[in-house]
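One structure below.
Number of protein chains: 2
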Amino acid sequence: MRVIIDVMSGDNAPLELIRGAVNAAEELSVDITIVGDQEVIREIAEKEEISLEKLTIVHADSVILMEDKPLCVVREKKDSSMSVGLRMLAEGEGDAFVSAGNTGALLAGSTLVVRRIKGVQRAAIATVLPFPTPILLMDSGANLVVTPENMEQFAYMGSIYMSKIYGLEAPRVGQLNNGTEYNKGLPLQVDTYERLTGREDLNFIGNVESREIPFGACDVLITDGFTGNITLKLTEGMAKFMSSTLKSLFTSNIVTKVSGLAMMNKIKELKKQFDASEHGGAPLLGIAKPVIKAHGSSDAKAIKSAVQQAISFVNTGINQEIAKFSLEFEAKVKAEKTAAQEVQPQEN
Amino acid sequence: MRVIIDVMSGDNAPLELIRGAVNAAEELSVDITIVGDQEVIREIAEKEEISLEKLTIVHADSVILMEDKPLCVVREKKDSSMSVGLRMLAEGEGDAFVSAGNTGALLAGSTLVVRRIKGVQRAAIATVLPFPTPILLMDSGANLVVTPENMEQFAYMGSIYMSKIYGLEAPRVGQLNNGTEYNKGLPLQVDTYERLTGREDLNFIGNVESREIPFGACDVLITDGFTGNITLKLTEGMAKFMSSTLKSLFTSNIVTKVSGLAMMNKIKELKKQFDASEHGGAPLLGIAKPVIKAHGSSDAKAIKSAVQQAISFVNTGINQEIAKFSLEFEAKVKAEKTAAQEVQPQEN
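These protein sequences, in sequence, are chains E and B.
Numbered according to my numbering, the first sequence spans residues 375 to 722.
Numbered according to my numbering, the second sequence spans residues 375 to 722.
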């Protein structure tokens, strides 16, 4: 198996990404191709005494920046590390792709270059919220406006992912809503609730309120990308706030300072739980080949985690399952539409 | 000044609500009318040795339950404590109303019985997120779907509230969005951004990402009620999660247990910050007279806080300010529409 890594994107690129790539090549049974500015890579490796021996290096002239527009990945910056990596993935020169770069560009590039799995209407960014019971948030920002059909696909794709990667037998799918009753929310939520209720091949447990997210309310949480993005960033912000507030409480006077020092390891434990590097990256579910979006702040360890995640993604056959489901879904939706047309009165 | 309290609604009704009413009457310079089942109230007061001397009691036959439909407040349960209290408020038998009951019913009842301020399109539930820099979340659940015009009114009403109650000179108004750039979000956010930019009578600071909420990103945060509700409940859930996780960390072994005990007061400080009883209730902004929604779990202290808040609401003339702004707003919107019609090509 070969994993392609864009080593030029992300806050700690290229050094930490190169380190992560080397560690993955040495410690995991996988071949690694890194994409980026060859000269820069070799220079840094020499300076930091990193051996590139185990890596294949592919040159790319430019880098997509955080402020670049998504479509630059297939237009102005076709020669970027992200674009080159995605084309290699599409052309079979690798089995999975990892990038810590611009999410919008990665999503656009994956959709336009690697393409979606047949029958998948929208690819989603699937982020694990790192609570004691991890929750896969689908979608966490790729699609601001979605339909009940999209939501159904999110439910199935997320379910397949959590069952393959976390070994859950029947992942509990919940819908993020402003109340638990069946008729809560906007038409999107009401219609989705109706679509998913009573399905035998899906463990839909109904609506979930956001206050229950930290307490294991479900395994897959479906939502539109706007609400999902607000949810994701608020959990990050709250975790950061809590840890900084605690730190200041503990160091506010001598008495608490002493006991505070003893507690620091415990607080670090808590903080670690919300640390991106512990949880790999967010897969773009619905893309024909595994693309893992690593966190922008990824260090070497996070990149190695993301490679490990990519390996599991390939090995467990997630995309084959999604492809199978999507074909059935497409046929079902087509049949529904035909049926709906037949019911409609004919106009003369 | 007279504040009316619905003592039959809420998790701790009627005992804690009666206690809160008595404390308010004794400690704040305000007359209190309590509404509820006279027999039940007198029985409990006798048993608990609470003197009702300082209160005016008005009888109501029934109670609106959490599971009741909003409109029952003006239909099946017109004889409920909430309905009776709202009618008294509308008829001038009190200056403000406090209830810890069903939010949907309170909003429906306030809108239909007490009515909105002239020119206000939608009343909003204004909840203070209790961070070191408190943020007023507008709307936190009353209106799932809103227009840019509604959002503009939320911005002004929230601004007036924060300036009057928190003494801020020019409250910073931010829009909750999935990114900070002007073109982020759905059409609602893009249009609202455009409407609010460059206003001299409003301190609009642009889009705010949810991860910045705990860190004083703004003073008033405007959003649709769906996203607002998810945001509000997620901050509550995260605060609860963090405090329970910490408690379990601190008691996980003897060493941390000892230092943990020393820390407990500090943790309680942190927890107190997120405690509803410290922050009174959420005003329904845009209603012709002050209606304060106290938290469902309110105890006596929280009810007294809510009464204090109602007094400040009346004394600072918030509704007079909102009324003035709303008249101007109405005229402006009318002028905009006339102008838009004149620009449109005539059809023959």
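Backbone N, C-alpha and C define an ideal beta-carbon position, used for all residues, glycine too.
Taking the beta carbon of residue i as the centre, do at least 16 other beta carbons fall within 10 Å, making it buried, or is it exposed?
i	result
residue 676 of chain E	buried
residue 571 of chain B	exposed
residue 575 of chain B	exposed
residue 456 of chain E	buried
residue 528 of chain E	buried
residue 501 of chain E	buried
residue 583 of chain E	buried
residue 403 of chain B	exposed
residue 709 of chain E	exposed
residue 425 of chain B	exposed
residue 722 of chain B	Any reading at residue 722 of chain B needs caution, since the residue's pLDDT is 48, under 50, leaving its predicted position unreliable; the model's value is listed next. Residue 722 of chain B is exposed by the Cβ-count criterion.
residue 453 of chain B	exposed
residue 681 of chain E	buried
residue 388 of chain B	buried
residue 540 of chain E	exposed
residue 715 of chain E	exposed
residue 537 of chain E	buried
residue 605 of chain E	buried
So for residue i, helix, strand or coil by DSSP?
i	result
residue 355 of chain E	Nothing can be reported for residue 355 of chain E, as the shown portion of chain E is limited to 375 through 722.
residue 524 of chain E	helix
residue 495 of chain B	coil
residue 470 of chain E	strand
residue 483 of chain E	helix
residue 397 of chain E	helix
residue 379 of chain E	strand
residue 565 of chain B	helix
residue 573 of chain B	coil
residue 448 of chain E	coil
residue 584 of chain E	helix
residue 502 of chain B	strand
residue 426 of chain B	coil
residue 421 of chain E	helix
residue 663 of chain B	coil
residue 534 of chain E	helix
residue 617 of chain B	helix
residue 547 of chain E	strand
residue 436 of chain E	strand
residue 414 of chain B	helix
residue 554 of chain B	coil
If I'm right that residue i touches residue j with Cβ under 8 Å, what's the distance once you round it to whole angstroms?
i	j	result
residue 376 of chain B	residue 405 of chain B	4 Å
residue 655 of chain E	residue 472 of chain E	7 Å
residue 723 of chain B	residue 392 of chain B	An answer regarding residue 723 of chain B cannot be provided, because it is not within the stretch 375 to 722 covered by chain B.
residue 547 of chain B	residue 579 of chain B	7 Å
residue 701 of chain E	residue 493 of chain E	5 Å
residue 588 of chain B	residue 611 of chain E	5 Å
residue 581 of chain B	residue 558 of chain B	6 Å
residue 515 of chain E	residue 477 of chain E	7 Å
residue 474 of chain B	residue 668 of chain B	4 Å
residue 602 of chain B	residue 469 of chain B	The Cβ separation is near 28 Å, so there is no contact.
residue 381 of chain E	residue 428 of chain E	Not really, about 14 Å apart at Cβ, beyond 8 Å.
residue 503 of chain E	residue 444 of chain E	Not a contact, Cβ separation roughly 24 Å.
Just curious, the beta strand (DSSP E) that residue i is in, first and last residue?
i	result
residue 656 of chain E	656-659
residue 432 of chain E	429-433
residue 596 of chain E	594-596
residue 511 of chain E	509-512
Over what stretch of residues does the alpha helix (DSSP H) that includes residue i continue unbroken?
i	result
residue 489 of chain B	Per DSSP, residue 489 of chain B belongs to no alpha helix (DSSP H) and is neither H nor E.
residue 384 of chain B	Taken as a continuous stretch (DSSP letters only), residue 384 of chain B belongs to no alpha helix (DSSP H), as it is neither H nor E.
residue 461 of chain E	455-464
residue 701 of chain B	692-717
residue 677 of chain B	674-689
> Looking at chain B, which residues of the stretch 525-546 of chain E have a Cβ within less than 8 Å of any of its Cβ atoms?
Replying inline: none
> Which residues, in chain order, does the stretch 569-586 of chain B contribute to contact with chain E at a C-beta distance below 9 Å?
Replying inline: 583, 584, 585, 586
> Going along the stretch 592-610 of chain E in order, which residues come within less than 7 Å of chain B, judged by CB to CB distance?
Replying inline: 600, 601, 603, 604, 605, 607, 608, 609, 610
> What residues in the stretch 505-523 of chain E have a beta carbon less than 9 Å from any beta carbon of chain B?
Replying inline: 505, 506, 515, 518, 519
> Relative to chain B, which residues along the stretch 429-450 of chain E have a C-beta separation below 7 Å, given in chain order?
Replying inline: none
> For the stretch 653-670 of chain E, which residues have a CB atom closer than 9 Å to at least one CB atom of chain B, in sequence order?
Replying inline: none
> Can you list, in chain order, the residues of the stretch 477-493 of chain E whose Cβ is nearer than 9 Å to any Cβ on chain B?
Replying inline: none
>> By the 7 Å beta-carbon criterion, what residues does the stretch 378-405 of chain E contribute toward chain B?
In response: none
> Which residues, in order along the stretch 680-703 of chain E, keep a beta-carbon less than 8 Å from a beta-carbon of chain B?
Replying inline: none
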